[in-house]
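Remarks on the structure that follows.
Protein chains: 2
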Amino acid sequence: MTAKNAFYAQSGGVTAVINASAAGLIESAREHGDAIGKVYAGRDGIVGALTEQLIDTSVESADDIAALKYTPAGIFGSARYKLKGLDDNKAEYERLIEVFKAHDIGYFFYNGGGDSADTCLKVSQIADTMGYPIQAIHIPKTMDNDLPHTDCSPGFGSVAKYTAVSIREAGYDLHSMCKTSTKVFILEVMGRNAGWTAAAGGLAAEAEGDAPHILLFPEVRFDRERFLAKVDEAVKRNGYCAIVASEGVEIDKDFERGDGRPADAFGHAQLGGVAPELARIIKSELGYKFHYAIADYLMRAARHIASATDVEQAYAVGRAAVDFAMAGKSGVMVTIKRESDEPYRWSIGEAPLDEVANVEKTMPRDFISKDGFHITDTARRYLKPLIAGESYPPYVDGLPAYAKLKSQAVPRRLHTDFKV
Amino acid sequence: MTAKNAFYAQSGGVTAVINASAAGLIESAREHGDAIGKVYAGRDGIVGALTEQLIDTSVESADDIAALKYTPAGIFGSARYKLKGLDDNKAEYERLIEVFKAHDIGYFFYNGGGDSADTCLKVSQIADTMGYPIQAIHIPKTMDNDLPHTDCSPGFGSVAKYTAVSIREAGYDLHSMCKTSTKVFILEVMGRNAGWTAAAGGLAAEAEGDAPHILLFPEVRFDRERFLAKVDEAVKRNGYCAIVASEGVEIDKDFERGDGRPADAFGHAQLGGVAPELARIIKSELGYKFHYAIADYLMRAARHIASATDVEQAYAVGRAAVDFAMAGKSGVMVTIKRESDEPYRWSIGEAPLDEVANVEKTMPRDFISKDGFHITDTARRYLKPLIAGESYPPYVDGLPAYAKLKSQAVPRRLHTDFKV
Numbered sequence: 048m049t050a051k052n053a054f055y056a057q058s059g060g061v062t063a064v065i066n067a068s069a070a071g072l073i074e075s076a077r078e079h080g081d082a083i084g085k086v087y088a089g090r091d092g093i094v095g096a097l098t099e100q101l102i103d104t105s106v107e108s109a110d111d112i113a114a115l116k117y118t119p120a121g122i123f124g125s126a127r128y129k130l131k132g133l134d135d136n137k138a139e140y141e142r143l144i145e146v147f148k149a150h151d152i153g154y155f156f157y158n159g160g161g162d163s164a165d166t167c168l169k170v171s172q173i174a175d176t177m178g179y180p181i182q183a184i185h186i187p188k189t190m191d192n193d194l195p196h197t198d199c200s201p202g203f204g205s206v207a208k209y210t211a212v213s214i215r216e217a218g219y220d221l222h223s224m225c226k227t228s229t230k231v232f233i234l235e236v237m238g239r240n241a242g243w244t245a246a247a248g249g250l251a252a253e254a255e256g257d258a259p260h261i262l263l264f265p266e267v268r269f270d271r272e273r274f275l276a277k278v279d280e281a282v283k284r285n286g287y288c289a290i291v292a293s294e295g296v297e298i299d300k301d302f303e304r305g306d307g308r309p310a311d312a313f314g315h316a317q318l319g320g321v322a323p324e325l326a327r328i329i330k331s332e333l334g335y336k337f338h339y340a341i342a343d344y345l346m347r348a349a350r351h352i353a354s355a356t357d358v359e360q361a362y363a364v365g366r367a368a369v370d371f372a373m374a375g376k377s378g379v380m381v382t383i384k385r386e387s388d389e390p391y392r393w394s395i396g397e398a399p400l401d402e403v404a405n406v407e408k409t410m411p412r413d414f415i416s417k418d419g420f421h422i423t424d425t426a427r428r429y430l431k432p433l434i435a436g437e438s439y440p441p442y443v444d445g446l447p448a449y450a451k452l453k454s455q456a457v458p459r460r461l462h463t464d465f466k467v
Numbered sequence: 048m049t050a051k052n053a054f055y056a057q058s059g060g061v062t063a064v065i066n067a068s069a070a071g072l073i074e075s076a077r078e079h080g081d082a083i084g085k086v087y088a089g090r091d092g093i094v095g096a097l098t099e100q101l102i103d104t105s106v107e108s109a110d111d112i113a114a115l116k117y118t119p120a121g122i123f124g125s126a127r128y129k130l131k132g133l134d135d136n137k138a139e140y141e142r143l144i145e146v147f148k149a150h151d152i153g154y155f156f157y158n159g160g161g162d163s164a165d166t167c168l169k170v171s172q173i174a175d176t177m178g179y180p181i182q183a184i185h186i187p188k189t190m191d192n193d194l195p196h197t198d199c200s201p202g203f204g205s206v207a208k209y210t211a212v213s214i215r216e217a218g219y220d221l222h223s224m225c226k227t228s229t230k231v232f233i234l235e236v237m238g239r240n241a242g243w244t245a246a247a248g249g250l251a252a253e254a255e256g257d258a259p260h261i262l263l264f265p266e267v268r269f270d271r272e273r274f275l276a277k278v279d280e281a282v283k284r285n286g287y288c289a290i291v292a293s294e295g296v297e298i299d300k301d302f303e304r305g306d307g308r309p310a311d312a313f314g315h316a317q318l319g320g321v322a323p324e325l326a327r328i329i330k331s332e333l334g335y336k337f338h339y340a341i342a343d344y345l346m347r348a349a350r351h352i353a354s355a356t357d358v359e360q361a362y363a364v365g366r367a368a369v370d371f372a373m374a375g376k377s378g379v380m381v382t383i384k385r386e387s388d389e390p391y392r393w394s395i396g397e398a399p400l401d402e403v404a405n406v407e408k409t410m411p412r413d414f415i416s417k418d419g420f421h422i423t424d425t426a427r428r429y430l431k432p433l434i435a436g437e438s439y440p441p442y443v444d445g446l447p448a449y450a451k452l453k454s455q456a457v458p459r460r461l462h463t464d465f466k467v
């Protein structure tokens, strides 16, 4: 068996732990030198493959690769770029094969969410449809936790922890101030059309009266009157009301998000702006003084408060992808299988990519309380282990010392450009 | 010397470390049982003194008081409530004396910012003007860092660290995505009319090209054209532009913050809304895809990422207040004196309250770079030690285990109500 090089790319919105998957993959690949030559990373994800902008990870020291375990975001660059179908843009696939051939690439590792799984699936089909032998393995990643067939998605546990910690802290703040000042606080969280992140905020409410008092999920139709009644009741009972709102909540059908933000390259609308809208409604209808925060990138990049469970799983799925490749697999995604809730035990599983691609897993109804404004004990059992454990990065001069790699380019072998 | 009881109150916007000052004060007071009887905390700050809602801290265990060192926000409740002048509302002062007399209070410890210093000053004058013997000591606290006569304000180091860590993390995120997606990110930070918090964000930029690329200070007049040119230059040079914007920046004289938020009880306008406005301008003039975060309460409550230096100083000023009282002082504020930058050394000092009250310390011009968009090395020397060190709270089940006190009410001795 002659060693083939591997291509690795990060895709879609990054997370606090996607680089831990890269570390797992690269470290494991280095242990399989008989079968895997070098790992080339795509600069800016799949775009790097199309434009032959490859990064040679073999020049990075073992220490620098290990540092990826505690470095947030996509160290090689990620991309929001989805391959079209083979019939719609054959040129893209021909170009990929051209680049793969030129660099002797036999393994395609794609680290992304549901949209990216579709790209990985298409690449896995090149072997059959275009006769180029390649194994394509998908490594799950999404803070949204909306990938099917896996118990959870690496990246989610850390935003879940960020959200729960943040709303607990904001709740303490609000509780301090509510007598003479702010009565309502809204934390807007990312998560697209799934309420997983907001649900995780619910973990902070452990005892009667604890913040958050209200969670708003995209899975539940927003009812203005019921919402206002719930806010008023919380303020009257506790003196204040802490809310976690998913960015994907539709407050009004005709509600304009204000800044006319366009859809992204995957065709998703850019969300955000729910918190100020809720605040406006509360102020005008109930008159309560409010504050709101919009977490946005802060939450998904917050490696400083990452979940140790999440870091461990992200690293493990990177390593497992290499195991899968060594076992001759292709067209599959690595998954996390839950073995038990308490004590929490999990193992590595797999799912066929055609069942993963473009499928969005929203929250089951039994995770949401009857009134639609909080989580159930079933949800707590599911969420609790995912935020367990702290995994702090090293600090220098008060700041996290995140990795900076050499990111040395692989010399180009093709003398053709490709426009993406 | 007969022991007198002490009154302690938290005032104004809370911080991640104000409870550490409470811990320092209560622990030290317990060591001076000969002179200080019980420490009564005002429920909801000074409001608790006026309404005779006192909390008996003597029933709290030593462990619970020690837990305040890692618990954010104001555990006894804070208030935005400023005493009027003696001539304007003598009844308030008479009521204070009535309550102090009823509970044998001889020490008044007030933990707050510049507005609160004014209240503390007025109380210190009761001794002379109204013949009630009381020593009033002010314990500095403000995330805004705008108190004069102290090198820094406890509470600031932690929001400074939060801001620097957050923009570094968001910068990594942005760097990952900028090829095909978001080019500009704006983090809006609290801080009123002073740019200290935004300045601290600048610490994250250690090497050429590092985020943040632009800081916007209230101290610098906003120039739309120069700002847009700077953003465009950063995007063209680095592929992206990370911005930290103070909430107090005035973008347009006729710029409406949109939600008609009222002034607070201290007469300050409620700020916020700068980030979306900047994003709108950038989108419409430069066309770049953007994201923004509004940190709001998350930053000042973020005990999970507090600065160890800040925690230490907050605790120390609480202890020092008791030392001051034992030394017979009144009408003074405890201060932090800087002895040297590197190695960082500091000591406890004092300032007369009439020079502190209602004075707002903005950033010196030599802390701001010539073009107005970043910090100078002088600012770095000042800021760097304030974010040094991590001081993590304990965690249970993935969440910080913050203190919950008994907060037992002191039996009322007066049978009169007082309307605040």
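If you read the protein sequences in the order shown, they are chains Y and V.
For reference, each letter of the first sequence is one residue, going 48 to 467 in my numbering.
For reference, each letter of the second sequence is one residue, going 48 to 467 in my numbering.
Just so it is clear, CB atoms sit at the ideal spot from N, CA and C, and this is done for glycine as well.
The structure displayed is predicted, hence computed values, not measured ones.
Sequence-distant residues of the same chain with beta carbon closer than 6 Å to residue i, five excluded per side
i              : result
A448 (chain V) : P441
R392 (chain Y) : E386
F505 (chain V) : The requested residue 505 (chain V) is not part of the displayed model; chain V covers only 48 to 467.
R239 (chain Y) : D191 and G295
Check whether residue i and residue j have beta carbons under 9 Å apart
i              : j              : result
G365 (chain Y) : I102 (chain Y) : no
S105 (chain Y) : A368 (chain Y) : no
E141 (chain V) : L130 (chain V) : no
S331 (chain Y) : A174 (chain Y) : no
S293 (chain V) : A245 (chain V) : yes
S108 (chain V) : G59 (chain V)  : no
P119 (chain V) : R273 (chain V) : no
H79 (chain V)  : M410 (chain V) : no
Q182 (chain V) : G375 (chain V) : yes
N66 (chain Y)  : A450 (chain Y) : yes
Y157 (chain V) : V170 (chain V) : yes
Neighbourhood of residue i by C-beta distance below 7 Å, restricted to the same chain and skipping five residues each side
i              : result
R459 (chain Y) : E99
F192 (chain Y) : It should be pointed out that residue 192 (chain Y) corresponds to Asn in this sequence rather than to Phe. Cβ within range, chain order: C199, S200, F203, A241 and W243.
A289 (chain Y) : I214, A217, G218, L221, F232, A258, P259 and H260
A164 (chain V) : H185, M380, L400, V403 and A404
S394 (chain Y) : K384 and E386
L333 (chain Y) : L275, V278 and D279
G305 (chain V) : Interpretation of G305 (chain V) is limited by its pLDDT of 43, a score under 50 that renders its predicted location unreliable; the figure taken from the coordinates is listed afterwards. Cβ within range, chain order: G320.
A211 (chain V) : A247, G248, L250, A251 and I434
8 Å CB neighbourhood of residue i in its chain, flanking five on each side removed
i              : result
K148 (chain V) : Y179
K51 (chain Y)  : A82, I83, G84, D151, I152, G153 and Y154
Y87 (chain Y)  : N52, A53, F54, Y55, L101, I102, D103, T104, H150, I152 and V457
Review point. For the segment 222–256 of chain Y, which residues have a CB atom closer than 9 Å to at least one CB atom of chain V, in sequence order?
Key: H222, S223, M224, C225, K226, T227, S228, T229, F232, L234, E235, L250, A251, E253 and A254
Exercise for review: Please list the residues of the segment 123–135 of chain Y that have a C-beta atom closer than 9 Å to any C-beta atom in chain V, keeping them in chain order.
Suggested key: F123, G124, S125, A126, R127 and Y128
Practice item. Could you tell me which uninterrupted alpha helix (DSSP H) segments, each at least 4 residues in length, are contained entirely in the segment 50–82 of chain V, listed from first to last along the chain? Key: 65–78
Point to revise | 3-residue-minimum beta strand (DSSP E) runs that sit fully inside the segment 360–447 of chain V, ordered along the chain | key: 379–387 and 392–399
Point to revise | At least three beta-carbon pairs within less than 8 Å, the segment 337–344 of chain V to the segment 332–343 of chain Y | key: yes
Review point. Mind listing which residues of the segment 342–376 of chain Y have their C-beta closer than 9 Å to chain V's C-betas, in chain order?
Key: A342, D343, Y344, L345, M346, R347, A348, A349, R350, H351, I352, S354, A355 and T356
**Study point:** Segments of 4+ residues assigned as alpha helix (DSSP H) that fall wholly inside the segment 176–245 of chain V
**Key:** 203–224
Point to revise | Segment contact, 8 Å Cβ cut-off, at least three pairs: the segment 415–424 of chain Y with the segment 432–440 of chain Y | key: no
Practice item. Would you list, in chain order, the members of the segment 200–211 of chain V that have their beta-carbon closer than 7 Å to a beta-carbon of chain Y? Key: K208 and A211
Check your understanding: Listed in chain order, which residues of the segment 152–183 of chain V have Cβ atoms closer than 9 Å to some Cβ of chain Y?
Key -> none
Check your understanding: Quick one: complete beta strand (DSSP E) runs, 3+ long, within the segment 83–145 of chain Y?
Key -> 83–89 and 101–103
Exercise for review: Could you name the residues of the segment 424–435 of chain V whose beta carbon sits closer than 7 Å to any beta carbon of chain Y, in the order they occur along the chain?
Suggested key: K431, I434 and A435
**Study point:** Within 7 Å of chain V by C-beta, residues of the segment 77–106 of chain Y in sequence order
**Key:** D91 and V94
Exercise for review: Would you list, in chain order, the members of the segment 446–458 of chain V that have their beta-carbon closer than 9 Å to a beta-carbon of chain Y?
Suggested key: L446, P447, Y449 and K451
Point to revise | beta strand (DSSP E) runs contained entirely in the segment 327–357 of chain Y, provided each spans 3 or more residues | key: 337–341
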